[in-house]
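K.L.:
Please see the structure below; I have some questions.
2 protein chains.
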Amino acid sequence: MKAQPEPLPDHLRALVGQSVDDVDTPALVVDLDAVNRNMQRMVEFAAKHRLRLRPHGKAHKSALFGRLQLQAGAVGLCAQTVAEAEALGAGGINDVLISNEVLSVPKLRRVAALAHQLYTRGGRLSLAVDSGEGIERLAQAMVLTRAVIDVYIEIDIGQGRCGVAPDERAVTLARQLAGRSSLRFAGLQAYHGGAQHLRTVAERHAAIVEAAEKVNAVRRLLEAAGLPADVVTGAGTGTFAHEAASGAWTEIQPGSFMFMDVDYLRNERDPAQPQFEPALFIKSQVISLADDHAVCDAGHKSHAIDSGLPEVQALPGQAPLRFANGGDEHGVLHPEHTADEDGPLSHLPALGEAVWLIPGHCDPTVNLHSHYVVVRGGLAAGRVEAIAPVEARGVW
Amino acid sequence: MKAQPEPLPDHLRALVGQSVDDVDTPALVVDLDAVNRNMQRMVEFAAKHRLRLRPHGKAHKSALFGRLQLQAGAVGLCAQTVAEAEALGAGGINDVLISNEVLSVPKLRRVAALAHQLYTRGGRLSLAVDSGEGIERLAQAMVLTRAVIDVYIEIDIGQGRCGVAPDERAVTLARQLAGRSSLRFAGLQAYHGGAQHLRTVAERHAAIVEAAEKVNAVRRLLEAAGLPADVVTGAGTGTFAHEAASGAWTEIQPGSFMFMDVDYLRNERDPAQPQFEPALFIKSQVISLADDHAVCDAGHKSHAIDSGLPEVQALPGQAPLRFANGGDEHGVLHPEHTADEDGPLSHLPALGEAVWLIPGHCDPTVNLHSHYVVVRGGLAAGRVEAIAPVEARGVW
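Here it is as structure tokens:
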């Protein structure tokens, strides 16, 4: 459901140029220096492996970060929802792939309108499909435009979610596309979401080797049918080095590498990948202090816990803390070390003191916030560089 | 972080008066008939037990539902954040209790401004405190107004989150309040969040019996100090019948009873409580169909899973489905029964078919959406009565 970006509240506008200390809590804070370093590492990886880089906008849901990625060398952006694609398009990004199925007729009308808009700007919109019904409905919606939309056939390479089975059924869909003048068969969408957080490098490697066999099988079937897949697009932050090594993909779609999160930081480090650093934080503060714990003002409304709880990022001089679930509006903080002669209280932060959290999962955490507070110069002594809207949060 | 309500997108405005079938997905749909029945049951309970009813606005985050509750007989509303209180105040609700600690100086300035606004309208704002520092900062902020704010001392009665220990320390805070002309000691905030989802009636009963002893101990200490607590406020949807039976509370703060959710529906039914029915749903639709599963367009962006996954609400004629985690934008649906001669596919919904979900936890689910689609006449054949903004979603 598309909505206009929320208006910028006055107290946020006043923050630009101020110290990070002045940011009220809870706030979604981005370390822009770290974002730029992460982006540079990914661009270098893609260039070295001669892969097109199409970062996933579902991670940041923001035209500002989309433009930053294009400027750094991305060929375009991915989106997971129509509203994300609209937000990226409205923000000046001309090449967007919705890597997901759209069946709703009202949404397909929006897809056609956006395809027309990007096409007349010299860009393109792409969409994934995995059913004949999806192709028919898309073609019906595209009748209202003179644009051409790029269509990727999504194949299920192991996740068991969306995607047609990696067999002749993919060829049937490609044939169906070939008969539609407003739809251009562009290639395969092949993403294995279930492999991203397999903890060991060996597990992730095995999953993508198996996935690559499926991709290659479908490629051969398509070539035999005279409908070759020009582009094979997929991969995420957990596995992209394996997709690169397989040679089966021509384009990668990682999203989380920009911000990172506790879940990705828990993966066994893959020496074949560049190392990314956490760049997205929740700034919270202590609102209650008991003998053995402190309570901060960040709970499920501030960070998503579908992939686990956040971790506390101790700044210089801060004792390590463990975050426990405190519900929607609270986090409960316990000292990591209590057996100290100073007693437990000495390890707890003071009332009003800032506590920085690394979210468990970046994408749905971003979705909870209307704005990013973009900071340069680090968390301890940084300054607010910009306030950026999360245009596509909570819209579809 | 206060923001203006998001503008109503045109396609939502056009929905009023239309069939629920026309609601695009994913959408937060409220069955208003069920809400009104749940509200009536709670009002009758409170009246019978001579308890003031102050429903918790953290559940709905909406002035519309707040006004509905006042009209039904509530004495006022609770809020958990300053932004919720501001949204309720802006929506015409004059008596709001922020049942939470506020330490941030910018937020305390907003508290003072709202206290002034409600005071001059003949209403009142109340706030919970659990520290001397909190009282000092509040008094400092209130210097800028001539209003009086009601202050509740929060005591920890078993949850181990916010609240001062239930001993002489509460009296110390009450004495500190007595010396501040802009702060009025109004009573005790005593909520046991940890007891709400203990599964058996016996466990919930035992937790609240213990909590009531702590409340009564503090009441006696305050009386002995000449600072009696006029109001003791607390309780939630899981336990309020036990607080009522204890005689220690004068006011109850349930929130979820209006909407209900899978987590509350899993509690053993308490015959001392009225029975509430699910009234909040996610309308989703099937976007992908495989041999053994379907995929709908509702994931972590549509419903919160901190208290477990949603359940599928089968409408007449729909086969029962089991919801499995599909990530941020997807839900994976499996047939509940597969050993059928018709084969599994016959139990799966069709592409584009609507699938209705009961969220695991209502409060953070509401927080993900910009608007409620308010429906009368049921899910299968209802009509859209109103589109109501979730004014306080994602703001603090």
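Those sequence lines, one after another, are chains H and X. If you number the first sequence the way the working numbering does, the last residue is 732 and the count never jumps. If you number the second sequence the way the working numbering does, the last residue is 732 and the count never jumps. C-beta atoms are modelled at their ideal positions from N, C-alpha and C, and glycine is treated no differently.
According to DSSP, is X:V479 helix, strand or coil?
P.N.:
Indexing the second sequence from 1 puts residue 479 of chain X at position 143. Residue state, collapsed to three classes: coil.
K.L.:
Kindly give me the distance between the Cβ atoms of H:T573 and H:I544, rounded to whole angstroms, as I take these residues to be in contact under 8 angstroms.
P.N.:
As a first step, residue 573 of chain H must be located in the first sequence, where it is residue number 237. As a first step, residue 544 of chain H must be located in the first sequence, where it is residue number 208. Taking C-beta atoms under 8 angstroms as the contact rule, H:T573 and H:I544 fail to qualify, at a distance of about 13 angstroms.
K.L.:
Quick one: which chain X residues come within Cβ less than 8 angstroms of H:N603?
P.N.:
Along the first sequence, one-based indexing puts residue 603 of chain H at 267. Residues of chain X passing the Cβ test: none, with the nearest at roughly 17 angstroms.
K.L.:
Please list, in chain order, the chain H residues whose beta carbon lies closer than 7 angstroms to that of X:R386.
P.N.:
The count along the second sequence starts at 1 and reaches residue 386 of chain X at position 50. Those do not exist, as X:R386 stays about 29 angstroms from chain H at its closest Cβ, beyond 7 angstroms.
K.L.:
Would you call the CB atoms of H:V711 and H:V720 closer than 8 angstroms?
P.N.:
Looking up residue 711 of chain H in the first sequence gives position 375. Looking up residue 720 of chain H in the first sequence gives position 384. Closer than 8 angstroms, so yes.
K.L.:
Mind checking which residues open and close the beta strand (DSSP E) that includes X:P725?
P.N.:
Numbered from its first residue, the second sequence carries residue 725 of chain X at position 389. Note, X:P725: beta strand (DSSP E), 719 to 725.
K.L.:
Would X:P700 count as contacting chain H if we go by Cβ distances under 8 angstroms?
P.N.:
The residue given as residue 700 of chain X occupies position 364 in the second sequence. So, interface residue.
K.L.:
Show which residues of chain H have a CB atom less than 9 angstroms away from the CB atom of X:W735.
P.N.:
The shown model of chain X, from 337 to 732, leaves out residue 735 of chain X, and the question about it has no answer.
K.L.:
Measure the Cβ-Cβ separation of X:R516 and X:A475 and say whether it is below 8 angstroms.
P.N.:
As a first step, residue 516 of chain X is located in the second sequence; it is residue number 180 there, counting from the start. As a first step, residue 475 of chain X is located in the second sequence; it is residue number 139 there, counting from the start. Going by C-beta atoms, X:R516 is nearer than 8 angstroms to X:A475.
K.L.:
With contact counted as at least three CB pairs below 8 angstroms, one residue from each stretch, are the segment 630 to 643 of chain H and the segment 657 to 669 of chain H in contact?
P.N.:
A contact exists between the segment 630 to 643 of chain H and the segment 657 to 669 of chain H.
K.L.:
Rounded to whole angstroms, how far is the Cβ of H:A561 from the Cβ of H:V507, which I believe are closer than 8 angstroms?
P.N.:
Within the first sequence, the letter at position 225 stands for residue 561 of chain H. Within the first sequence, the letter at position 171 stands for residue 507 of chain H. Confirmed, about 5 angstroms.
K.L.:
How should X:A547 be labelled, buried or exposed, when 16 other C-beta atoms within 10 angstroms of its C-beta is the threshold for buried?
P.N.:
What you label residue 547 of chain X is simply residue 211 of the second sequence in a count that begins at 1. So X:A547 counts as buried.
K.L.:
Identify the contact partners of H:E469 in chain X, using a Cβ-Cβ distance below 9 angstroms as the criterion.
P.N.:
Along the first sequence, read from residue 1 onward, the residue named residue 469 of chain H stands at position 133. Within chain X, the residues near H:E469 are L625, A686, L687, G688.
K.L.:
Does DSSP put X:R445 in a helix, a strand or coil?
P.N.:
Along the second sequence, read from residue 1 onward, the residue named residue 445 of chain X stands at position 109. Of the three classes helix, strand and coil, the one that applies to X:R445 here is helix, per DSSP.
K.L.:
What are the start and end residues of the alpha helix (DSSP H) that includes H:V598?
P.N.:
Residue mapping note: residue 598 of chain H aligns to position 262 of the first sequence, counting from 1. Here the alpha helix (DSSP H) through H:V598 covers 598 to 602.
K.L.:
Is X:T456 helix, strand or coil when you go by DSSP?
P.N.:
On the second sequence, position 120 is the one that residue 456 of chain X refers to. In the structure shown, X:T456 sits in a helix (DSSP, three-state: H, G or I).
K.L.:
Thinking just about the alpha-carbon of each residue, which of X:E689, X:L461, X:S462, X:H392 is nearest to the one in X:Q621?
P.N.:
Numbered from 1 along the second sequence, position 285 holds the residue referred to as residue 621 of chain X. Closest by alpha carbon: X:E689.
K.L.:
Would you mind working out which of X:R520, X:T361, X:G696 sits nearest X:D599, comparing C-alpha positions?
P.N.:
Working through the second sequence from its first residue, we reach residue 599 of chain X at position 263. Answer by Cα proximity: X:G696.
K.L.:
8 angstroms is my cut-off, CB to CB: does H:L413 come that close to chain X?
P.N.:
Counted from its first residue, the first sequence places residue 413 of chain H at position 77. False, the Cβ-Cβ gap to chain X never drops below 8 angstroms.
K.L.:
With a threshold of 8 angstroms between beta carbons, is X:P680 in contact with chain H?
P.N.:
Here residue 680 of chain X refers to the residue found at position 344 when the second sequence is read from its first residue. Residue confidence is low: X:P680 scores 49 on pLDDT, short of 50, so the model does not pin down where it sits. Its coordinate-derived value is still stated next. X:P680 does not count as touching chain H.
K.L.:
If the cut-off is 9 angstroms on Cβ atoms, which residues from the segment 390 to 420 of chain H count as contacting chain X, listed in chain order?
P.N.:
K394, Q416, T417
K.L.:
Does any residue of chain H bring its CB to less than 8 angstroms from the CB of X:R349?
P.N.:
Here residue 349 of chain X corresponds to residue number 13 of the second sequence, with the count starting at 1. It does not; no Cβ of chain H falls within 8 angstroms.
K.L.:
Given a limit of 7 angstroms on CB to CB distance, which residues of the segment 607 to 621 of chain H reach chain X?
P.N.:
Residues of the segment 607 to 621 of chain H with a C-beta less than 7 angstroms from any C-beta of chain X: Q621, listed in chain order.
K.L.:
In the DSSP assignment, the beta strand (DSSP E) including H:P671 goes from what residue to what residue?
P.N.:
For the purposes of this step, residue 671 of chain H is taken as residue 335 along the first sequence, with counting starting at 1. Per DSSP, H:P671 belongs to the beta strand (DSSP E) from 667 to 671.
K.L.:
Tell me whether the beta-carbon of X:R535 lies closer than 8 angstroms to the beta-carbon of X:E613.
P.N.:
Mapped onto the second sequence, residue 535 of chain X falls at position 199. Mapped onto the second sequence, residue 613 of chain X falls at position 277. No. Outside cutoff.
K.L.:
Does H:L480 pass the burial test, meaning 16 or more other C-beta atoms within 10 Å, or should it be called exposed?
P.N.:
For the purposes of this step, residue 480 of chain H is taken as the residue at position 144 of the first sequence. With fewer than 16 Cβ atoms within 10 Å of its Cβ, H:L480 is classed as exposed.
K.L.:
Considering X:Q495, what are the terminal residues of the alpha helix (DSSP H) in which it resides?
P.N.:
Taking the second sequence and counting its residues from 1, one reaches residue 495 of chain X at position 159. Counting along the chain, X:Q495 falls outside any alpha helix (DSSP H), and DSSP gives it neither H nor E.
K.L.:
In whole angstroms, what is the alpha-carbon distance linking H:F617 and X:P700?
P.N.:
Residue numbering aside, residue 617 of chain H sits at position 281 when the first sequence is read from its first letter. Residue numbering aside, residue 700 of chain X sits at position 364 when the second sequence is read from its first letter. For H:F617 and X:P700, the distance between alpha carbons rounds to 20 angstroms.
K.L.:
Give the straight-line distance between the Cα atoms of H:G734 and H:V432, rounded to the nearest whole angstrom.
P.N.:
The structure shown has nothing for residue 734 of chain H, since chain H only spans 337 to 732.
K.L.:
Since X:L509 and X:V551 should fall inside the 8 angstroms C-beta cutoff, what is the C-beta to C-beta distance between them, to a whole number of angstroms?
P.N.:
Position 173 of the second sequence, counting from 1, holds the residue named residue 509 of chain X. Position 215 of the second sequence, counting from 1, holds the residue named residue 551 of chain X. Rounded, the Cβ-Cβ distance is 15 angstroms, inconsistent with contact.
K.L.:
Tell me H:L519's beta-bridge partners as DSSP assigns them.
P.N.:
Here the question's residue 519 of chain H lines up with position 183 in the first sequence. In the DSSP output, where bridge partners are listed per residue, H:L519 has H:I485.
K.L.:
How is X:Q649 classed by DSSP in three states: helix, strand or coil?
P.N.:
As a working mapping, residue 649 of chain X is identified with position 313 in the second sequence. X:Q649 falls in the strand class under three-state DSSP.
K.L.:
For X:E689, which three-state DSSP category applies?
P.N.:
Taking the first residue of the second sequence as position 1, residue 689 of chain X is located at position 353. It is coil, neither helix nor strand.
K.L.:
Check the Cβ-Cβ distances between X:D466 and every residue of chain H, and say whether any is below 8 angstroms.
P.N.:
Here residue 466 of chain X corresponds to residue number 130 of the second sequence, with the count starting at 1. Closer than 8 angstroms: yes.
K.L.:
Which value, in whole angstroms, describes the spacing of the CA atoms of H:P680 and H:A686?
P.N.:
Reading the first sequence from its first residue, position 344 is the one you call residue 680 of chain H. Reading the first sequence from its first residue, position 350 is the one you call residue 686 of chain H. Residue placement at H:P680 is flagged as unreliable, the pLDDT there being 49, under the threshold of 50; a coordinate-derived value is accordingly withheld.
K.L.:
Could you pull the start and end residues of the beta strand (DSSP E) that H:L413 belongs to?
P.N.:
Taking the first residue of the first sequence as position 1, residue 413 of chain H is located at position 77. It spans 413 to 415 - the beta strand (DSSP E) in which H:L413 sits, taken as one unbroken run.
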